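Structure first, commentary second.
4 protein chains.
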Amino acid sequence: MPKLGSHRYGKARVRVLKILRNGETHTIKEIEVAALLKGDFETSYTAGDNSKVVPTDTIKNTINVLAKQHLGDEIELFAQILGKHFIDQYQQVRSAEITVDERAWQRLQIDDEPHPHAFQRGSDARVFTRVRCDANSCVVRSGIRGLVVLKSTESGFEGYPKCDFTTLRETADRILATSFTGTWTYAKTPGDYSSANAAILAAMLRVFATRYSPSAQTTLFQMGEAALASCAEICRLELAMPNKHCLLIDLSPFGLTNNNEVFVPIEEPHGQIEAIIERDD
Amino acid sequence: MPKLGSHRYGKARVRVLKILRNGETHTIKEIEVAALLKGDFETSYTAGDNSKVVPTDTIKNTINVLAKQHLGDEIELFAQILGKHFIDQYQQVRSAEITVDERAWQRLQIDDEPHPHAFQRGSDARVFTRVRCDANSCVVRSGIRGLVVLKSTESGFEGYPKCDFTTLRETADRILATSFTGTWTYAKTPGDYSSANAAILAAMLRVFATRYSPSAQTTLFQMGEAALASCAEICRLELAMPNKHCLLIDLSPFGLTNNNEVFVPIEEPHGQIEAIIERDD
Amino acid sequence: MPKLGSHRYGKARVRVLKILRNGETHTIKEIEVAALLKGDFETSYTAGDNSKVVPTDTIKNTINVLAKQHLGDEIELFAQILGKHFIDQYQQVRSAEITVDERAWQRLQIDDEPHPHAFQRGSDARVFTRVRCDANSCVVRSGIRGLVVLKSTESGFEGYPKCDFTTLRETADRILATSFTGTWTYAKTPGDYSSANAAILAAMLRVFATRYSPSAQTTLFQMGEAALASCAEICRLELAMPNKHCLLIDLSPFGLTNNNEVFVPIEEPHGQIEAIIERDD
Amino acid sequence: MPKLGSHRYGKARVRVLKILRNGETHTIKEIEVAALLKGDFETSYTAGDNSKVVPTDTIKNTINVLAKQHLGDEIELFAQILGKHFIDQYQQVRSAEITVDERAWQRLQIDDEPHPHAFQRGSDARVFTRVRCDANSCVVRSGIRGLVVLKSTESGFEGYPKCDFTTLRETADRILATSFTGTWTYAKTPGDYSSANAAILAAMLRVFATRYSPSAQTTLFQMGEAALASCAEICRLELAMPNKHCLLIDLSPFGLTNNNEVFVPIEEPHGQIEAIIERDD
């Protein structure tokens, strides 16, 4: 007899753009929300019974209404309001996972002055928060995904084991580039999430930029260490560094030497390094 | 003090296209491989020690060499060979997770005859396998992702709870469309994976097409039931149905009635239904 | 003094999915429409005068309404109805260019029988039509874009000029793969567009599959010749063959020979071959 | 008899990343190049004769070698060097069209100081140049594509014609957002291309931000006027403004008023406005 294991449902890619007004000065907040619910929904799978299924269309409407009422500067606060709403409003919902991605808009500078209501889309890196709420609490994680960073020197890879399938050459000077993704878990509520997130990101980028990288692994771990040191309220980070390889172009057929000058950036294949770094206490 | 939690690394998006030859008749096998290793790699993170780190470039070379030597009709067999290779070859590797996606190529029909060496790219749906090997065993999961299917009637959604945020109308006749993803776990080795996978997929599509759908949830569960019934060797399925909503176009401003004739397909937002269905024994 | 040169405007990516019903048997027609208008719109640019600007929102509504009323099997007929509507309805419109892309849906086979209302998304290749209408006439062009085809032998490239920057080796046996795009212009109205398009495509694929290819250029031209021969009503084709390169993997570092067995398919860079083939009379 | 019309071929998506060194300070130049050649290549189409066909692989090698030797700050200079090389080197080449896209990298700020060798990927907007060279001259066009800008007020759309298919409401306060693409043609060589391009872009953004927009058409034309005024060396602009619609969310079912606060950004459909603005002398 088949049985139902874990299950969840909800609405994803719900987009909202809100204009926050402070007198004549506008700020753009553009988000993409996913809300996934767990709870007493077994019979919707096994018995065709929809009597407890909050429609995903209602979930979308809820995101829109609460965005109008509550979306402000910090997506972490909005995500918690959303998560608690689903828990409080519907008895059958046991837990709600709310993910809010933010798309960056930068204020245009016009004649060296910040303009009050004109903006330019920022980089493709996305800050996000993922909040898991149940009847008793909300766990807040925040992060950034797809942050493409590159250092053009002070990175190498040496001392690795060789075998029959090894063709890579050791080097003490290569490009290190990655589309970095990091998620950190808040054990306590920080003064404000924006400042905490900014401090964490700055600490990680400082390590990336300023310390010699003997491997992506070492750099990843050092970035996690620095993040933990930069913000007392976080307890754990999940970090991923898909390498964006830049291959040195072989110019020897043309009688030229390529001293780390020209490279081919490739999208595939890519190395993948993933680790969790936690406080040990 | 920070400590390292779980970690893994490897190479992803390693693409190989192989020509399988049977006399004058060729078959195209195009795959994309990810190989992720776990094991005794802590010091690469914490001490800048690369002495155990099999380079991801070597992982890529290994995939290429083993593809030349062993890639045949069934990606499940190739993935197991790859996984065991990493376990057997490198003492520091404790487990290897190998994912092999396949891109479909269809033989061209020329004047109603199958051509021996000309092909057309198939649909974007990808069959795949994910194999997890350690020193003792390999667990094989297979599946399909991004299979876009649609039924133009025999689907509805009624009897759901209404609240202040409900605007959806009940219907007993709507389009059900989804970009379906399913993964099934083999508890035993089947006669051959290709036939087993084909039977599982056929069983699920038969349910999707022929049974009235009172909700995506019910259809998802019934598809899982049918899959388990179709193949004794699998014990568990993970299924996901992101709805591809088709919105009925409101033609009333133009004095027209739209009896389920014209719709706007939208990419976002989308409903998301996920469940695990297992044997209960 | 700045002056306005040529200009046009309209709505693009208007998507409609229509269910065509023949008793219990449904057919899915999914299209994406772009409608671009030229005409007496100068003052909307130069004088802030919107009095002649048919809103792009109205253009979208028009596509929806006419899709409900007129969209049938042949996108060429629908595109002409749309184009003529804009010319007839609005005096200020001098010409209308209507592009209709079609997304393929294939009927599901259930227990070897075609199912009346369940479908699977087809390949990513898109058939399309582009119709340009003015007060007197409509020019119809049809085509296919992104048709990915591959032949695993019977292709080579030899006899090309060598220079200091040449590293490519001559070969009489390589893979030829392309994401083919072809557009043909109808000089006369064919019996029906579907049959004409099918004959043209079949003629081109027959050449691709069955004739030895000494270069993409030659194959492109021969495909155009065959297309013209297959359909008396067309007078001109624009063909483009971006190569999808498959690089032979060098296995010599591993003591292995690679006799055209394993390749790396790459997305970038790609060769690009474009030509127009016309009747000479 | 079929005949060959216009034709061209070459290599596209050739990517190069170059490190420019100024002492310890590095700058990243990442480009993607397409080089398309026209000339005496008829027989490669019609007679299987490759004796004049510079292989696209050689074209790629040429881009790599010349990037090593000549790629500097200004992509316009590099594109001209490339174009002239093909003209000078191969008698059969009559014209060469070189497109160079640049991907933006921003120097990381670490502790408020610009770091000498660490960078972050910038926005997705791409600056580019397209140079067409023949034996006598090079025509240089430069531009930007995919620059997503938004103004949250000071835009409206009123006074347009109404018909049976009109449902849009007039408004004097809406969001105007676009993924802007502009290309300008240099009639003379400017002092330097970077400064000229920056001035042109700044002039256009000033108009976008600071002038009330009665329609995308008007704003487009005014941006073109300002661009011509900002740089005496350009003679012509091609501008395109695909609208990125932000739809006002209807909150009336929930008893709420939405005073231009929350919107749904949609990717499709989109308005499309295109025009050429030229000097009239």
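Residue numbers (our numbering), protein chains in the order written: chain A, 1 to 281; chain B, 1001 to 1281; chain C, 2001 to 2281; chain D, 3001 to 3281.
In this text, a Cβ means the ideal position worked out from N, Cα and C, and glycines have one as well.
Model, not experiment: these values are computed from the prediction.
Since I believe residue 3175 of chain D is in contact with residue 3152 of chain D (beta carbons under 8 Å), could you give me their beta-carbon distance rounded to a whole number of angstroms?
One-based indexing of the fourth sequence puts residue 3152 of chain D at position 152. One-based indexing of the fourth sequence puts residue 3175 of chain D at position 175. Contact holds; Cβ gap of about 6 Å.
In its own chain, which residues sit with a C-beta less than 8 Å from the C-beta of residue 270 of chain A, not counting the 5 before and 5 after it?
Translated into the one-based positions of the first sequence, residue 270 of chain A becomes position 270. The residues are 242, 243, 244 and 245.
Using a Cβ cut-off of 7 Å (strictly closer), state whether residue 8 of chain A contacts chain B.
As a working mapping, residue 8 of chain A is identified with position 8 in the first sequence. Using a Cβ-Cβ cut-off of 7 Å, residue 8 of chain A counts as an interface residue toward chain B, since at least one Cβ of chain B sits closer than that to its own.
Only counting runs of 3 or more residues, tell me where the beta strand (DSSP E) segments fall wholly within the region 1133-1190 of chain B, in order along the chain.
1138-1151 and 1176-1186
Taking residue 3165 of chain D as the query, report the chain G residues whose CB atoms sit under 9 Å from its CB, ordered along the chain.
Of the protein chains in this structure, namely A, B, C and D, none is chain G.
First and last residue of the alpha helix (DSSP H) that includes residue 3030 of chain D?
On the fourth sequence, residue 3030 of chain D is found 30 positions in, with the first residue counted as 1. Not the alpha helix (DSSP H): residue 3030 of chain D falls in the beta strand (DSSP E), residues 3025-3039.
CB-CB under 6 Å to residue 1039 of chain B, same chain, minus the five flanking residues each way: which ones, in chain order?
Translated into the one-based positions of the second sequence, residue 1039 of chain B becomes position 39. 1092, 1093 and 1094, listed in sequence order.
Does residue 3130 of chain D get closer than 7 Å to chain C when you measure Cβ to Cβ?
For the purposes of this step, residue 3130 of chain D is taken as residue 130 along the fourth sequence, with counting starting at 1. Not one chain C Cβ lies under 7 Å of residue 3130 of chain D.
Excluding the 5 residues flanking residue 292 of chain A on each side, which residues of the same chain have their C-beta closer than 8 Å to its C-beta?
With chain A represented from 1 up to 281, any question about residue 292 of chain A goes unanswered, as that position is not in the structure.
Could you tell me which residues DSSP pairs with residue 3246 of chain D in its beta bridges?
Locating residue 3246 of chain D in the fourth sequence gives position 246, where the first residue counts as 1. The partner list for residue 3246 of chain D (beta bridge, DSSP) reads D:3265.
Check distances from the C-beta atoms of the region 3133-3154 of chain D to those of chain A and list, in chain order, the residues that come in under 8 Å.
Contact residues of the region 3133-3154 of chain D toward chain A are 3147, 3148, 3149, 3150, 3151, 3152, 3153 and 3154 (C-beta to C-beta distance below 8 Å).
Between B:1132, B:1248 and B:1209, which lies nearest to residue 2111 of chain C when the distance is taken from Cα to Cα?
Taking the first residue of the third sequence as position 1, residue 2111 of chain C is located at position 111. The residue with the shortest Cα to Cα distance from residue 2111 of chain C is B:1209.
Within the same chain, show all residues whose beta-carbon is closer than 6 Å to that of residue 3230 of chain D, passing over the 5 residues directly before and after it, in chain order.
If you number the fourth sequence from 1, residue 3230 of chain D lands on position 230. So the list reads 3199, 3200 and 3203, once near-sequence residues are dropped.
Taking buried to mean at least 16 other C-beta atoms within 10 Å of its own C-beta, is residue 2247 of chain C buried or exposed?
In the third sequence, the residue the question calls residue 2247 of chain C occupies position 247. Counting Cβ neighbours within 10 Å, residue 2247 of chain C comes out exposed, since fewer than 16 surround it.
With DSSP collapsed to three states, give me the class of residue 2073 of chain C.
Position 73 of the third sequence, counting from 1, holds the residue named residue 2073 of chain C. Coil.
Is the distance from the Cβ of residue 2004 of chain C to the Cβ of residue 2097 of chain C below 7 Å?
Counting from one through the third sequence, the residue named residue 2004 of chain C turns up at place 4. Counting from one through the third sequence, the residue named residue 2097 of chain C turns up at place 97. Not a contact, by the Cβ cut-off of 7 Å.
Give the straight-line distance between the Cα atoms of residue 262 of chain A and residue 3064 of chain D, rounded to the nearest whole angstrom.
As a working note, residue 262 of chain A is residue 262 in the first sequence. As a working note, residue 3064 of chain D is residue 64 in the fourth sequence. Rounded to the nearest angstrom, the two C-alpha atoms are 8 Å apart.
Would DSSP call residue 2228 of chain C helix, strand or coil?
In the third sequence, residue 2228 of chain C corresponds to position 228, counting from 1. DSSP places residue 2228 of chain C in helix when its eight states are reduced to three.
Please state whether DSSP places residue 3253 of chain D in a helix, a strand or coil.
In the fourth sequence, the residue the question calls residue 3253 of chain D occupies position 253. Helix at residue 3253 of chain D.
So residue 278 of chain A is in the beta strand (DSSP E); what residue range does that whole segment cover?
For the purposes of this step, residue 278 of chain A is taken as the residue at position 278 of the first sequence. Residues 270-279.
Are residue 1079 of chain B and residue 1139 of chain B close, meaning C-beta to C-beta below 7 Å?
Mapped onto the second sequence, residue 1079 of chain B falls at position 79. Mapped onto the second sequence, residue 1139 of chain B falls at position 139. It is not a contact, given that the beta carbons lie outside the stated cut-off.
Using a cut-off of 8 Å between C-beta atoms, extract the partners of residue 2270 of chain C located in chain D.
Locating residue 2270 of chain C in the third sequence gives position 270, where the first residue counts as 1. Result: 3011, 3012 and 3013.
If you follow the beta strand (DSSP E) that residue 2206 of chain C is part of, which residue opens it and which one closes it?
Taking the first residue of the third sequence as 1, we reach residue 2206 of chain C at position 206. Run containing residue 2206 of chain C: none in the beta strand (DSSP E); it sits in the alpha helix (DSSP H), 2193-2210.
Given a limit of 7 Å on CB to CB distance, which residues of the region 2057-2086 of chain C reach chain D?
2057, 2058, 2060, 2061, 2062 and 2065
Name the DSSP bridge partner or partners of residue 1101 of chain B?
As a first step, residue 1101 of chain B is located in the second sequence; it is residue number 101 there, counting from the start. For residue 1101 of chain B, which the question treats as bridged, DSSP gives the partners B:1032 and B:1128.
Taking the alpha carbon of residue 1255 of chain B as the point to measure from, which residue in C:2023, C:2060, C:2053 and C:2068 has its own alpha carbon closest?
Position 255 of the second sequence holds residue 1255 of chain B. Looking at the Cα atoms, C:2068 is the closest of the given residues.
Over the uninterrupted alpha helix (DSSP H) stretch that includes residue 1045 of chain B, give me the two end residues.
On the second sequence, position 45 is the one that residue 1045 of chain B refers to. Segment 1042-1046, the alpha helix (DSSP H) holding residue 1045 of chain B.
Take every Cβ of the region 1166-1186 of chain B, pair it with every Cβ of the region 1112-1119 of chain B, and state whether three or more of those distances are shorter than 8 Å.
Short answer: they don't touch.
Are the beta-carbon atoms belonging to residue 2129 of chain C and residue 2087 of chain C less than 7 Å from one another?
As a working note, residue 2129 of chain C is residue 129 in the third sequence. As a working note, residue 2087 of chain C is residue 87 in the third sequence. No, they are not a contact pair.
Distance, Cα to Cα, residue 1278 of chain B vs residue 47 of chain A?
On the second sequence, position 278 is the one that residue 1278 of chain B refers to. On the first sequence, position 47 is the one that residue 47 of chain A refers to. C-alpha of residue 1278 of chain B to C-alpha of residue 47 of chain A: approximately 17 Å in a straight line.
So residue 3187 of chain D packs on residue 3238 of chain D, CB below 8 Å; how close in whole Å?
As a first step, residue 3187 of chain D is located in the fourth sequence; it is residue number 187 there, counting from the start. As a first step, residue 3238 of chain D is located in the fourth sequence; it is residue number 238 there, counting from the start. Their Cβ separation, rounded to whole angstroms, is 14 Å, which puts residue 3187 of chain D and residue 3238 of chain D out of contact at 8 Å.
List, in order along the chain, the chain C residues whose C-beta lies closer than 8 Å to that of residue 3055 of chain D?
In the fourth sequence, the residue the question calls residue 3055 of chain D occupies position 55. Residues of chain C passing the Cβ test: 2157, 2160, 2166 and 2168.
Helix, strand or coil for residue 1061 of chain B per DSSP?
As a first step, residue 1061 of chain B must be located in the second sequence, where it is residue number 61. DSSP places residue 1061 of chain B in helix when its eight states are reduced to three.
Output, in sequence order along the chain, the residues in the region 2227-2251 of chain C whose CB is closer than 8 Å to any CB in chain B.
2246, 2249 and 2251
Looking at the unbroken beta strand (DSSP E) that takes in residue 1010 of chain B, where does it start and where does it end?
Here residue 1010 of chain B refers to the residue found at position 10 when the second sequence is read from its first residue. Element bounds for residue 1010 of chain B: 1002-1022.
With a Cβ-Cβ cutoff of 7 Å, do residue 3071 of chain D and residue 265 of chain A count as a contact?
As a position in the fourth sequence, residue 3071 of chain D is number 71, starting the count at 1. As a position in the first sequence, residue 265 of chain A is number 265, starting the count at 1. Their beta carbons are not under 7 Å apart, which means residue 3071 of chain D does not touch residue 265 of chain A by this criterion.
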